[in-house]
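Inspection log for the structure reproduced underneath, given as structure tokens.
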């Protein structure tokens, strides 16, 4: 059993690891944000949490092993699950860290508490297990320091002298490519996924596969036809290029905007539509506003999942991070559906539009009711008749 933890990237990394297992002729089940599935081509079965509650999780694991006869599981492990001991009955053979940036401080209060919760996954490893850590992350060395004696350590990155390094990175409309540098040699990698975050996610999966003893050539072959995960830098329209992404943290929004900028034509604009969730860490709202204003040419501020909060107050918190509210650059529309509809009048064919925050979600939580709402569906309706 492999646990993948971190603020961003868990869903994609687990998806990639499952693909690699299957390319190596090993069955592997996946448990995470989108639910759980028994094969990479299978349907997701809904889950209420990134990591299920302990009774549900144990029942699912029993079904996977005893009924489906699957011996390998890769699972997203959230900080809440670790702190609440939902995975206390699980025996992980490997742990993977994607990154650690601000999120869930409504629950953890401080980044130190957040780190300590995530670190539990690594502290509980045993001799012979493996730990995979992003050495470029601010907390990378600290995660390595809590790994028990006898656990095999593997690192990856772009900036630092890690075991697995991506060099000579290039992005295009078709995806990303780079040279993978390891102690055993160099390998060209071509992806149908875009953005620096995708490079890191792939590095995490490749490093984990090497830790499991899977031939690197088999792992690379598994990634050749992977086109990403639902709601993660998902293209829903070509002209203008409309991308839906789950980015809902300052770091996540910054990374996805930088990736979108890489593929924005010099004659086009980068437009960002986003909001922030209610009843969650409010301190990230002005930070996300500042990031959007800095990295996008135009921004539309709207609602995400307001939950019990007043949507207008959430928007006010976001606006507090802006240097100015120039109506030619900043548009405010609390109704998310109306905000997406506005894109039709704002975006030209050469523009890139990022709709951030909800990604794969097909619902919106408004006070005491939950309605059907899917950013991808809404965008496709708005741009019906465009090049899809």
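Residue numbers (the numbering used here): -16 to 371.
Every residue, glycine too, gets a C-beta built ideally from N, C-alpha and C.
This one's a predicted model, so the numbers in the text were calculated from it and none came from an experiment.
Alpha-carbon spacing of residue i relative to residue j, whole angstroms
i, j, result
"residue 94", "residue 61", "15 Å"
"residue 371", "residue 2", "Reliability fails at residue 371, whose pLDDT of 49 lies under 50, so the model's placement of it is uncertain and the value that follows must be treated cautiously. Near 27 Å, if we compare the C-alpha coordinates of residue 2 and residue 371."
"residue 105", "residue 129", "7 Å"
"residue 316", "residue 299", "12 Å"
"residue 79", "residue 308", "41 Å"
"residue 269", "residue 219", "28 Å"
"residue 292", "residue 151", "46 Å"
"residue 4", "residue 280", "42 Å"
"residue 182", "residue 166", "19 Å"
"residue 372", "residue 287", "Outside the shown range of the chain (-16 to 371) lies residue 372, about which nothing can therefore be said."
"residue 236", "residue 271", "7 Å"
"residue 191", "residue 171", "18 Å"
"residue 358", "residue 352", "18 Å"
"residue 266", "residue 52", "45 Å"
Helix, strand or coil at residue i [DSSP, three-state]
i, result
"residue 265", "coil"
"residue 355", "strand"
"residue 114", "strand"
"residue 360", "helix"
"residue 216", "coil"
"residue 371", "Reliability of the predicted coordinates at residue 371 is poor, the pLDDT of 49 falling under 50, and the value obtained from them is presented with this limitation in mind. Coil."
"residue -16", "coil"
"residue 12", "strand"
Residue nearest to residue i in terms of C-alpha spacing, selected from the options
i, options, result
"residue 334", "362, 299 and 249", "249"
"residue 186", "216, 122, 292 and 142", "142"
"residue -10", "-16, 63 and 289", "63"
"residue 115", "265, 147 and 97", "147"
"residue 47", "12, 32 and 68", "12"
"residue 36", "66, 9 and 27", "66"
"residue 201", "6, -7 and -6", "6"
"residue 283", "260, 319 and 296", "319"
Whole-number beta carbon distance between residue j and residue i, since they are thought to touch under 8 Å
i, j, result
"residue 365", "residue 184", "29 Å between Cβ atoms; not a contact."
"residue 189", "residue 244", "Incorrect: roughly 26 Å between the Cβ atoms, too far for contact."
"residue 120", "residue 83", "6 Å"
7 Å CB neighbourhood of residue i in its chain, flanking five on each side removed
i, result
"residue 57", "-15, -13, -3, 0, 1, 11 and 13"
"residue 194", "77, 113, 115, 135 and 137"
"residue 343", "17, 213, 214 and 229"
"residue 72", "37 and 41"
Beta-carbon contacts of residue i that lie in its chain and below 6 Å, excluding the five residues immediately before and after
i, result
"residue 40", "none"
"residue 75", "-16 and -14"
"residue 180", "238"
"residue 273", "304"
"residue 354", "347"
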